[in-house]
Amino acid sequence: MSHVDPNSTVAFIPILMMLIVGVGFAVFTLVMSHFLGRRVYDPAKLGPYECGITPVGTARERFHTRFYLVAMLFIVFDIETVFLYPWAIVFKQLKIFGLIEMGVFVGILLIGLIYVWGKGALEWE
Amino acid sequence: MDATFLIASAVKVLVVLGFVLLGVPLIVWMERKVIGHMQDRIGPQRVGPFGLLQTIADGIKLFFKEDIVPDGADRVVFIIAPALPVITAFLALAVIPFGDTVRVAGHDIPLQITDVNIAVLWILGTTSMGVYGIVLGGWASNSKYPLLGGLRSSAQMISYELAQGISLVSVIVMTGTLSLASIVRQQEHLWFIVPQFFAFVIYILCGIAETNRAPFDLAEAETELVAGFHTEFSSMKFALYFLAEYANMMVVSGIAISVFFGGWHGPFLPPVVWFLIKLSLFLFFYVWLRATFPRLRYDQLMAFGWKVLLPASLLNLTVTALVVGLTA
Chain A
1 MSHVDPNSTV
11 AFIPILMMLI
21 VGVGFAVFTL
31 VMSHFLGRRV
41 YDPAKLGPYE
51 CGITPVGTAR
61 ERFHTRFYLV
71 AMLFIVFDIE
81 TVFLYPWAIV
91 FKQLKIFGLI
101 EMGVFVGILL
111 IGLIYVWGKG
121 ALEWE
Chain B
1 MDATFLIASA
11 VKVLVVLGFV
21 LLGVPLIVWM
31 ERKVIGHMQD
41 RIGPQRVGPF
51 GLLQTIADGI
61 KLFFKEDIVP
71 DGADRVVFII
81 APALPVITAF
91 LALAVIPFGD
101 TVRVAGHDIP
111 LQITDVNIAV
121 LWILGTTSMG
131 VYGIVLGGWA
141 SNSKYPLLGG
151 LRSSAQMISY
161 ELAQGISLVS
171 VIVMTGTLSL
181 ASIVRQQEHL
191 WFIVPQFFAF
201 VIYILCGIAE
211 TNRAPFDLAE
221 AETELVAGFH
231 TEFSSMKFAL
241 YFLAEYANMM
251 VVSGIAISVF
261 FGGWHGPFLP
271 PVVWFLIKLS
281 LFLFFYVWLR
291 ATFPRLRYDQ
301 LMAFGWKVLL
311 PASLLNLTVT
321 ALVVGLTA
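Chains as they are written, first to last, in my numbering: chain A, 1 to 125; chain B, 1 to 328.
Structure representation (structure tokens):
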């Protein structure tokens, strides 16, 4: 047998093997280091590292909403990217029709980007 | 499906695993040596010839180091998190073609673990899963530096993923397929770096940001965040993050080679050798960048991703689609 059809499910079997090997390797190293390493505990060693200063407060601090904003913007534009992939594959058959269709779709999202930009959501100062 | 396919696949999986495990110490050695010379130092030279065994010794040493789970850490997440980026890097490597089909004992074996019809999408999917390892590792540590490093890193990675994905779409518009093996075969006469130079520039900048390498290594900015998301990780947990970073560099380089630099195509030498030469050059380029550029400020980094790379990749895609659409 020479080639496996790239469209078939069989083509994913080696990926399953890779997953098993990868997980196996990670588990092996973590377990090995767990048993091989010498362990001497003391409270200072187990505390969070803050450059030698006694930790103040909890580490589970509140953080800025900008991170959530980036995550939300990411989802919008990532879905755009996901739609672009199947479009790109059949683009040579769609030709001008596909160009206009995707132009409208990307154009709407582009207006969104310009709006977000203008509102200052992309500023980190 | 038959036994040959299963055996060949298993062998290829193990070869790639071995290549990564032996290749990463070699890359680290190369990095230390090259940066050493670029900074007018010698770099490692004591252990083995030219210090070649130094990084392997470091790796073995890490096995015997104390395995610490800090107080207040989320134990389960803390243990699982370092494994995630390594596993996703291996999964991404599974679809990268590293050579032409070879004939072994009467069977044609393609030198690629598997050729799937969604290879590019698969790689983008798996590499973006790697962000979980970093953000969960940073969060689970119950420490402030890792939390900040993990947050910064996740925001950075998802921002640069957009431009990366769109820059690759420009190439897909030309090829009409997501299979990396087919994309490589289409570059027999002309590498896609020529028509898609801007896509390549955008891709490689995003790739460097995705792997958290200098000058985009904000996730582990030593001077401000100690070691960023992996401050609290020790022993093999640290080693797994380290391994993942270098394995991901291989992935990013492997995609760049397959999509823009003709994959294993090249004159005179065997295809596998050409792939390895190109891979080495890319990894050298990574190290060169690290030795050359200072780290960006975080607001510069985010602005560059959203305001420069994202519009630039969309513009590049528009021009490509216009040209292909009007000439096809």
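Glycine included, each C-beta is placed from N, C-alpha and C at the ideal position.
Does any CB atom of chain A fall closer than 8 Å to the CB of proline 97 (chain B)?
no
Roughly how many angstroms lie between the CA atoms of threonine 55 (chain B) and proline 215 (chain B), to the nearest whole one?
For threonine 55 (chain B) and proline 215 (chain B), the distance between alpha carbons rounds to 23 Å.
Expressed to the nearest angstrom, what Euclidean distance is found between the alpha-carbon atoms of tyrosine 246 (chain B) and valine 24 (chain B)?
6 Å
Against glycine 149 (chain B), what residues of chain A qualify as contacts under a CB-to-CB distance less than 9 Å, listed in chain order?
What glycine 149 (chain B) touches in chain A: nothing, since even the nearest Cβ is about 12 Å away.
Assuming contact is defined by CB atoms lying nearer than 8 Å, are threonine 175 (chain B) and glutamine 164 (chain B) in contact in what I supplied?
no
Going along the chain, which residues of its own chain have a beta-carbon closer than 6 Å to the beta-carbon of alanine 244 (chain B), five neighbours each way excluded?
Contacts found: Pro85, Val86 and Ala89.
Alpha carbon to alpha carbon, what distance is there between phenylalanine 238 (chain B) and leucine 52 (chain B)?
21 Å
Kindly indicate if chain A contains any beta-carbon less than 8 Å away from that of lysine 61 (chain B).
Among the CB atoms of chain A, none fall inside 8 Å of the CB of lysine 61 (chain B).
Status (buried if at least 16 other CB within 10 Å, exposed otherwise) for glycine 262 (chain B)
buried
Excluding the 5 residues flanking methionine 157 (chain B) on each side, which residues of the same chain have their C-beta closer than 7 Å to its C-beta?
Sequence-distant Cβ neighbours of methionine 157 (chain B) in its own chain, meaning closer than 7 Å and more than five residues away, are Val131 and Glu210.
Between tyrosine 298 (chain B) and chain A, is any beta-carbon pair separated by less than 8 Å?
yes
So for histidine 64 (chain A), helix, strand or coil by DSSP?
Per DSSP, reduced to three states, the secondary structure at histidine 64 (chain A) is coil, with no helix or strand assignment.
Can you say whether arginine 103 (chain B) is buried or exposed, counting buried as having 16 or more other CB atoms within 10 angstroms of its CB?
Flag for arginine 103 (chain B) reads exposed.
Close Cβ partners of serine 2 (chain A) (< 7 Å) along its chain, the five nearest in sequence each way excluded
Reliability fails at serine 2 (chain A), whose pLDDT of 48 lies under 50, so the model's placement of it is uncertain and the value that follows must be treated cautiously. Result list for serine 2 (chain A): empty, nothing under 7 Å.
Using three-state DSSP, classify proline 110 (chain B) as helix, strand or coil.
strand
Counting contacts by CB-CB distance shorter than 8 Å, is serine 2 (chain A) in contact with chain B?
Note on serine 2 (chain A): pLDDT 48, under 50, position unreliable in the model; no value is reported.
Among the residues of its own chain, which have a CB less than 8 Å from the CB of tyrosine 145 (chain B), if the five just before and after it don't count?
Leu225, Val226, Ala227, Gly228 and Thr231
Can at least three beta-carbon pairs, one atom from the region 124-144 of chain B and one from the region 54-68 of chain A, be found at a separation below 8 Å?
yes
Residue closest to glutamine 45 (chain B), alpha-carbon to alpha-carbon, out of B:Gly72, B:Trp29 and B:Leu14:
Considering only alpha carbons, the answer is B:Trp29.
For valine 103 (chain B), write down the residues that DSSP places opposite it in a beta bridge.
Here residue 103 (chain B) turns out to be arginine, not valine, going by the sequence shown. Within the DSSP secondary-structure output, arginine 103 (chain B) pairs in a beta bridge with B:Asp108.
Cutoff 8 Å: tyrosine 115 (chain A) Cβ touching any chain B Cβ
no
Minimum Cβ-Cβ distance from threonine 81 (chain A) to chain B less than 8 Å:
yes
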